[in-house]
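Trainee: Sequence lines, in order, name chains F and C. First residue of the first sequence? That's 273 in my numbering, and the numbers climb one at a time after it. First residue of the second sequence? That's 1291 in my numbering, and the numbers climb one at a time after it. Just so it is clear, CB atoms sit at the ideal spot from N, CA and C, and this is done for glycine as well. Values in this document were obtained by computation on a predicted structure and should not be read as measured data. First the structure, which I've put down as structure tokens, then a few questions once you've had a look.
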Amino acid sequence: MAITEKGMEDLLATYPDTVKKNRKKHLLIKNSAEACQQIEANTRTIPGIISQRGCCFAGCKGVVVGPIKDMVHIVHGPVGCAYYSWGTRRNKARADDTTPKENIYSTLCFTTDMQEPDIVFGGEKKLSRMIDEVVEMFHPRAITISATCPVGLIGDDIGAVARAAQERHGIQVLAFNCEGYKGVSQSAGHHIANNNIMEHVIGKGTQRKPGDYVINILGEYNIGGDGWEIERILKDIGYTVNGIMTGDSSYVDIRNLHLADLNLVQCHRSINYIAEMMETKYGMPWLKVNFIGVDATCKTLRELARCFNDEALIGRTEEVIARELAIVEPVIEHYRKILNGKTAFGFVGGSRSHHYQHLLRDLGMEMIVAGYEFAHRDDYEGRQVIPTIKSDADSRNIPELHLKPDEELYQDAHVYLNLTKEKFEEIKKNVPLGHYEGMNPDMKDGEVIIDDINHYEFEELVRKLKPDLILTGVRDKYIAHKLGVPSRQLHSYDYTGPYAGFNGAMTFAREVANAVTTPAWKLVTAPWEDGKSKE
Amino acid sequence: MLECIPTRKVEHTAGKINPAKTCQPIGAMYAALGIHGCLPHSHGSQGCCAYHRMGLTRHFRDQILASSSSFTEGASVFGGAANLKTSIKNVFKIYNPEIMAVHTTCLSETIGDDIPTIIKQSEVPEGKVVIHANTPSYQGSHITGFSNMCKAMVSYLAESDGTAKKERVNILPGFVNPGDMREIKRIVRELGIDLTMFPDTSDVVDSPLTDKYEMYPEGGATVAEIRDSGNSKLTLALGAWSSEAAGALLQEKCSVPCVPLKIPVGLKATDDLIMALKDGFGMKVPRSMTIERGQVVDTLIDTHFHYQGKKVAVAGDPDIVVPLTEFLLTMGMIPAYVMTGTPGSRFETEIRHMLEQSGIKDCVVRAEGDLFELHKWIMENPVDLLIGTTHCKYIARAEDVPLVRVGFPIFDRAVHYLMPIVGYRGCLRLIEMISNALLERRDRDCTDEDYELIL
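Encoded structure:
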């Protein structure tokens, strides 16, 4: 079932005129005959609209900073923001060679719990005292402070508090001015986090991990163990994972991120700033990857091997792929029999709605409506549009770091990969080094692309297009169920996972099949209400 | 687990580590869902609304709809009036609720937005209502926010028509699960008394899956019912922290006498509820209630050896922890630590009084505490059982103590919000959960020769 331009007009007809005018620009029906279909994104949410979006704090502390396991993350503000971002994103973490168990604080929640007097007279002293006590109690390697809404309004200078504490305790204390009202969504928070980590952490270390192919994985948050599955495959092939941003990551490893050969970018939206800034400052190349889906993982692994242009590595890559496929393919085939031809909606974050289209296609499914909560135009249309994106008041409020090549550490990209410049340029033509083509090219004609979907549009599109599955967040999960459609959470994977890599694909397939076939779906209508048709 | 927690004594005076409370707006949002056809509205950054919906959705595993004023930096500087006016217009046009219940956030409170004036200047369609509660996140806790929204229902809606009061009781149920609200209603109806419960989230946040989608499910007190609550003969305000303020206001505004009670968790608190109704309405308590009560007493006597004398730590919201502690004392258990994250010295006074009456010494009682503190106490002096919310599970694992999950939020167990812990039936459920937790532990820890068929 598809929706026409007319159908879309009907859908929008309910809106007041200003809302209609606004929302129209955030909706597209894919049409490959049109050269460059433009979508509006990363603009203000309309007040009163039931949006899926969160805030700047959620993007900074919640997404990027929070998972760093060996730092104590203090949230400066009233209790709520710390409480809601406590353990709710499933960023798994464990001890490793560089981080003993005693240095892992992932299951703890620190908040200055600002009270009315702190709002009136300022909360800097309380924050300072909390830092002192936390250092005395836990001896962390470093500390972050994240600001919530009122902090910016009352003018607490958390940067000054951080600098003073750093001096007192001799450990790094980072201050993030990620007040919830900044920007238009989580995206502003990603940017603020990226800037601060780039400016103050990356490049401070001196330890390169041993190995011939040393890589970083950026924008991988190890939800449900995704990062571990990706690492398993990469290690088997012969790569050394130098650091992950920021799933199961440590402060110590992030300091050494610049001492790798290549950055892999999984979630483009949340981390592209660091990839780009590391390219500017150190010359380090980056590759857009996708480890979601069997075919997508194989493609990514092959492209990665080609970047190093090493026959042995390419050979080993094929061996690992063959070994994994022998296990995975029969399982996927089994579930494809159940799921083939089914349709899905996907509304998540800034990359997953794209990534999961590949995994669904492995299973014979198609994402007929796809949207992002907080993406920018480049996540839809590709990075080539970046120079044409108009900045507005909200995006100008997020500072840009203007970096220069590092005098000592800058090397040309091809040097990182041990290639000649010519070879590097040749490879670049065939693999997405330094480029992301966005989601739209992967969508099929007639499919719907939607930015910052809201409850009304969600409900209407479900009624009109009757998908077999909705991949979304927890707030929409149960709405989907009440609308009669199975769902899986794509932020938290309904507390299972991993969904990435080869093992993840099998888990995802099993769980989607279970969601669609669970026997209770046949029992929705009570036997005494027969004849009453589904709305 | 939690190897980072220091074993030595530490100084912890600033802020909270592992808080046992959250902020006011989530409580206000929850209360607002207990009005039929209501869309709660969060006046602040959209992240607040997103987080509160997430928190409630995870606890209730059900749709939680609410809108936001979606502040940007501009609104934060110039005030949120325009955002709220636009929100009100859009919400009624697009989502068409009967009523919008606006609550503030720390952002809009710090700015000082004058909500009543903004509402007055807004386009509210004929027959629709907008109410508001001030819920600054830097005061009290989620329980305070719940209380403030209940108060707003009374101040905006409740009316007295000046005629003779109706033979009907208003029940303010407190911050409890929909399963609890349903059970309280069942008890009152069993006694043959007409009632209005508000807020009433049963059939809203635990609504059925049918073949028809309802954005606003069947449940909830209607605006008309809340209006008419001013004509009831009596109000029972269950829970000092969550309901008393609204009950008192209703008494002041509409001359409906208010009897403050505990939330009826445990035998005595349930007895108190029934006696208050008997005193107010003079009805004869039906035999069915005597049977229900007798079953609890019977069970307590039959099962006391599973739990009597065991040391227990309790953490949670004050209106639950107070009667729960009372029931644990009824069960013969020994509270070792009783803690709430919500501020207020009344908590400590009430619990200490109860402990004194039962001759329990050496119990640490703390209001405005946090779970880090509780953890440190348990590390120092262990307990046999921990009762609290999901966030206590880390302590339970680190210290190898069985955990019975009671309260809000519970993110990691199924069906709990449908199952009451109030009333006599709730007593049985608590006894079952506590006994089973201890018995499971005994089975897990004992030697083969002590592993017995019958316990």
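Spatial neighbours of C1339 (chain C) within its chain, please: CB distance less than 6 Å, with the 5 preceding and 5 following residues excluded, ordered by chain position.
Mentor: S1332, A1356 and S1358
Trainee: Do Q538 (chain F) and I489 (chain F) have their C-beta atoms within less than 8 Å of each other?
Mentor: yes
Trainee: Write down every uninterrupted run of the alpha helix (DSSP H) in the segment 450–506 of chain F whose length is 4 residues or greater and which is fully enclosed by it, in chain order.
Mentor: 458–472
Trainee: Counting only C-beta atoms, is V641 (chain F) closer than 8 Å to chain C at any point?
Mentor: no
Trainee: So, with DSSP's three-state summary, where would you put N1755 (chain C)?
Mentor: Residue 1755 (chain C) is absent from the model: chain C starts at 1291 and stops at 1745.
Trainee: Below 8 Å, can you find three or more Cβ-Cβ pairs linking the segment 525–534 of chain F to the segment 647–656 of chain F?
Mentor: The segment 525–534 of chain F vs the segment 647–656 of chain F: no contact.
Trainee: Give the list of continuous alpha helix (DSSP H) stretches no shorter than 4 residues that lie fully inside the segment 377–421 of chain F.
Mentor: Those alpha helix (DSSP H) runs which fall completely within the segment 377–421 of chain F and span 4+ residues are 388–393 and 396–410.
Trainee: Look up G1520 (chain C) in the DSSP assignment and say whether it is helix, strand or coil.
Mentor: Assigned with DSSP and collapsed to three states, G1520 (chain C) falls in helix.
Trainee: Mind checking which residues open and close the beta strand (DSSP E) that includes S759 (chain F)?
Mentor: Under the DSSP assignment, S759 (chain F) falls in the beta strand (DSSP E) whose first and last residues are S759 to Q761.
Trainee: Who are the Cβ neighbours of F410 (chain F) in its own chain at under 8 Å, not counting the five residues just before and after it?
Mentor: V344 and Y377
Trainee: Within the same chain, show all residues whose beta-carbon is closer than 8 Å to that of I1668 (chain C), passing over the 5 residues directly before and after it, in chain order.
Mentor: Here the set comprises A1603, Y1627, L1676, I1685, E1689 and V1691.
Trainee: Does the separation of the CB atoms of L1557 (chain C) and I1461 (chain C) fall below 8 Å?
Mentor: Result no, Cβ atoms of L1557 (chain C) and I1461 (chain C) do not sit closer than 8 Å.
Trainee: Could you name the residues of the same chain whose beta carbon sits closer than 7 Å to that of L1664 (chain C), not counting the 5 residues immediately before and after it, in chain order?
Mentor: A1603, A1605, Y1627, M1629 and I1685
Trainee: Just the chain F side, please: which residues come within less than 7 Å of V1655 (chain C) by C-beta, in chain order?
Mentor: Within chain F, no C-beta atom comes nearer than 7 Å to that of V1655 (chain C); the closest sits roughly 20 Å away.
Trainee: For F1617 (chain C), count neighbouring Cβ atoms within 10 angstroms of its own Cβ and tell me buried if that reaches 16, exposed if not.
Mentor: In this structure F1617 (chain C) is buried. Its beta-carbon is surrounded by 16 or more other beta-carbon atoms within 10 angstroms.
Trainee: If I measure Cβ to Cβ from F1350 (chain C) and keep anything under 6 Å in the same chain, skipping five residues before and after, which residues do I get?
Mentor: V1495 and Y1707
Trainee: Taking C-beta pairs closer than 7 Å, name the residues in chain C that D385 (chain F) reaches, listed in chain order.
Mentor: G1305, K1306 and P1309
Trainee: Between the Cα of N1671 (chain C) and the Cα atoms of C:Y1320, C:V1466, C:N1308 and C:T1297, which residue gives the shortest distance?
Mentor: C:T1297
Trainee: What does the alpha-carbon distance come out to for the pair I722 (chain F) and G769 (chain F)?
Mentor: 27 Å
Trainee: Do the CB positions of L300 (chain F) and S1366 (chain C) come within less than 8 Å of each other?
Mentor: no
Trainee: Which residue comes first and which comes last in the alpha helix (DSSP H) that contains N1241 (chain C)?
Mentor: Not covered by the structure: residue 1241 (chain C). The range shown for chain C is 1291 to 1745.
Trainee: If we cut at 8 Å on Cβ distances, does D1740 (chain C) have a partner in chain F?
Mentor: no
Trainee: Where N690 (chain F) and L733 (chain F) are concerned, what is the direct C-alpha to C-alpha distance, given to the nearest angstrom?
Mentor: 50 Å
Trainee: Would you say the beta carbon of T379 (chain F) comes nearer than 7 Å to a heavy atom of the ligand GDP?
Mentor: In the structure on display, the ligand GDP does not appear, and there are no ligands present to speak of.
Trainee: Taking the C-alpha atoms as reference points, what is the distance between G1417 (chain C) and N1386 (chain C)?
Mentor: 11 Å
Trainee: Do D385 (chain F) and K1666 (chain C) count as a contact pair if the criterion is CB distance below 8 Å?
Mentor: no
Trainee: Drop a sphere of 10 angstroms on the beta-carbon of I699 (chain F), count the other beta-carbons inside from all chains shown, and report buried for 16 or more, exposed for fewer.
Mentor: buried
Trainee: Measure the C-alpha to C-alpha separation of H1302 (chain C) and E439 (chain F) and round it to an integer number of angstroms.
Mentor: 21 Å
Trainee: Whole angstroms are fine: how far does the CA of K1383 (chain C) sit from the CA of V561 (chain F)?
Mentor: 43 Å
Trainee: Taking the alpha carbon of A792 (chain F) as the reference point, which residue from C:F1488, C:D1652, C:L1499 and C:P1710 has its own alpha carbon closest?
Mentor: C:L1499
Trainee: Report yes or no: do three or more beta-carbon pairs, one from the segment 318–328 of chain F and one from the segment 713–730 of chain F, lie closer than 8 Å?
Mentor: yes
Trainee: Under a Cβ-count criterion, where at least 16 other Cβ atoms within 10 Å of its own Cβ denotes burial, should S304 (chain F) be classed as buried or exposed?
Mentor: exposed
Trainee: Is the number of C-beta pairs between the segment 1479–1486 of chain C and the segment 1561–1580 of chain C that are closer than 8 Å three or more?
Mentor: yes
Trainee: Could you compute how far the alpha carbon of I469 (chain F) sits from the alpha carbon of P758 (chain F)?
Mentor: 39 Å
Trainee: Which of the three DSSP states is assigned to E638 (chain F) in this structure?
Mentor: In the structure shown, E638 (chain F) sits in a strand (DSSP, three-state: E or B).
Trainee: Taking the DSSP output, what are the residues bridged to C1746 (chain C)?
Mentor: Outside the shown range of chain C, which is 1291 to 1745, sits residue 1746 (chain C), and nothing can be said about it.
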